[in-house]
Each structure stands twice: as C-alpha cells, then as structure tokens.
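Residue numbers (this note's numbering): 1 to 257.
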C-alpha cells in the first residue's frame, strides 16, 4: 500500500504546488542575502555564516509568509486523500484488497510523513543554499552572531553544536507539519468537503495563535525561535496522539465506509 500511496501523491498537482511554493520561499531569501562583489577579507571583517543567514533565524521577509503558510503547505499535500477516496468511491476498491486496519494505519503514517517533509523542505533547501554562499564559521555570541539568546530555543546548542541545533529545529517543524497534516486527515473523517479539510488546520493554527499568549503560542514555540516550554509538548501530544486515536476510532467505528 505504501507504493500505491507514493504513486498517488507523486501525481497530485497540490503536492507539487506545495513543493514549488517551498522552492520559491527558500530560494528568494537566499538570493537576497547572497554576497556580491566581495573578497576573502569580507569574511574576516564581517563574520556572516550559513547558520546566522538561515532564514529561520533571520525571521524577516518571506519567512513571515512561510510561517503563515506552513499549515496550508502541510495539509494540501495529502491530508484530503481520505475525503477524496470517500467521495469518489475509490476507498471501496482499496478495501477489497487491503484490510481496513492497515488502510487507516498506513494512510495516517504516510500523510504524517508527507506533511512533515513538505513543511521542512523550504528550511532545508534555504540552509543548503546559505551553505553554498557563506562559510561555516563557528558561532560566537560576542562577535555579532547572537541571534539565539537565553529566551530562545537551546542557545547553548546553537553555539556549541550548530549543526545539531539545525537538526533539532528541522525535527520540531517536521513534527509540526506532520501534526497539522494529521489534523486535516482527522477532520476528513467528519467532513467530506476536501476544501474545508484543507483549510481547517490553518484555522486551528491561527486560532491557537490568537487565543494563547504569544510566548506559548504555536507560532512562537515552533516557528519563531521561542523557548521550548510545556505548550510545545502539549501541542505535539494532543495533536499527534489525539488525531491518531481519532482516526483509528472513527475508521473502525462502522463496518462499512
């Protein structure tokens, strides 16, 4: 079934639209920060590195658009797949070949991974482009490289093991993207309108930002380099395990779909 899911997502226009949007969001900031007409002395007098040029830490320009679009990018890739199968009747064809238990489990896991990959794709691509533009100068808090401070995510890791810091950020946003895609999939078991399914994760995301104080908002914790707190753990626990349990319970609730 995994092979079938991959074939389906690889021909979905929405998936490739999300990828193209990710390329634009990653490449344009890299072009804007690309060094021009400089010599080797430039790096001695101005210690700009790939780490501090990464648009996650720059937090300006197109990054604001990326942060706003993350829920939509994560969900449009594949979150409406169950609604599509139910509306077209394709799910009946699948369930004649695959057990219902396996169908929901594989669909959940695959949708989670695709949502996470689409969410982090711009981050990874932008960092690779910044690596092509700037050297990997060791981060120094006292030398104009203090973008990560005590109130931010893991400042000690950023200055001691910056690559590990990048991996942690990518992992957290991967989990965020997977969680948002899973929420869309969970909604599709109640709402068969594909467009509503795709927009609901964005609405939930925005509601959490409005209703929760900024320091504990989902945007601040995951996308704006805020300090990790119980809110981040709560978002992941409720969003991932809650949507998984909901999908399993609702999927098995009726003998027929």
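Note that beta-carbon positions come from the ideal geometry of N, C-alpha and C, so glycine has one too.
Please report the distance separating the alpha-carbon of residue 197 from that of residue 1. 23 angstroms
Can you give the Cα-Cα distance for residue 193 and residue 135, rounded to whole angstroms? 48 angstroms
Assuming the contact rule is C-beta atoms closer than 8 angstroms, residue 15 and residue 77 should be a hit. Round their C-beta distance to whole Å, please. 5 angstroms
Residue of 13, 221 and 109 minimising C-alpha distance to residue 183: 109
Round the Cβ separation of residue 116 and residue 178 to the nearest angstrom and send it over; I've been treating them as touching at under 8 angstroms. 4 angstroms
Would you mind giving the Cβ-Cβ distance between residue 29 and residue 56, rounded to the nearest angstrom? I have them listed as a contact below 8 angstroms. About 10 angstroms; that fails the 8 angstroms criterion.
Buried or exposed (CB count within 10 angstroms, at least 16 for buried), residue 91: buried
Once the 5 residues before and after residue 119 are set aside, which same chain residues still bring their CB inside 7 angstroms of it? 70, 73, 74, 173, 174, 176 and 177
Mapping DSSP to helix, strand and coil, what is residue 244? helix
Cα-Cα, which of 200, 219, 247 and 53 is closest to residue 125? 53
Report the rounded CA-to-CA distance for residue 151 versus residue 217, giving the unit in angstroms. 15 angstroms
Starting from residue 31, follow the alpha helix (DSSP H) in both directions and report where the run begins and ends. 13-33
So, for residue 251: in the same chain, excluding its five sequence neighbours on each side, which residues have a beta-carbon less than 6 angstroms away from its beta-carbon? 104
For the alpha helix (DSSP H) containing residue 219, name the first residue and the last one. 218-222
Alpha-carbon spacing of residue 189 relative to residue 18, whole angstroms: 23 angstroms
Reduced DSSP category for residue 151 - H, G, I as helix; E, B as strand; rest coil: coil
For a test of the three-state rule: what should DSSP assign to residue 116, helix, strand or coil? helix
With distance defined between alpha-carbon atoms, name the residue in 86, 58 and 101 nearest to residue 248. 101
Using only CA atoms, which one of 85, 129, 35 and 58 lies nearest to residue 27? 129
Beta-ladder partner(s) of residue 226, from DSSP: 152
Once DSSP output is grouped into helix, strand and coil, what is the label at residue 194? helix
Reducing DSSP to helix, strand and coil, say where residue 48 ends up. coil
Is the beta carbon of residue 181 closer than 8 angstroms to that of residue 229? no
Return the first residue and the last residue of the alpha helix (DSSP H) that residue 162 is part of. 162-187
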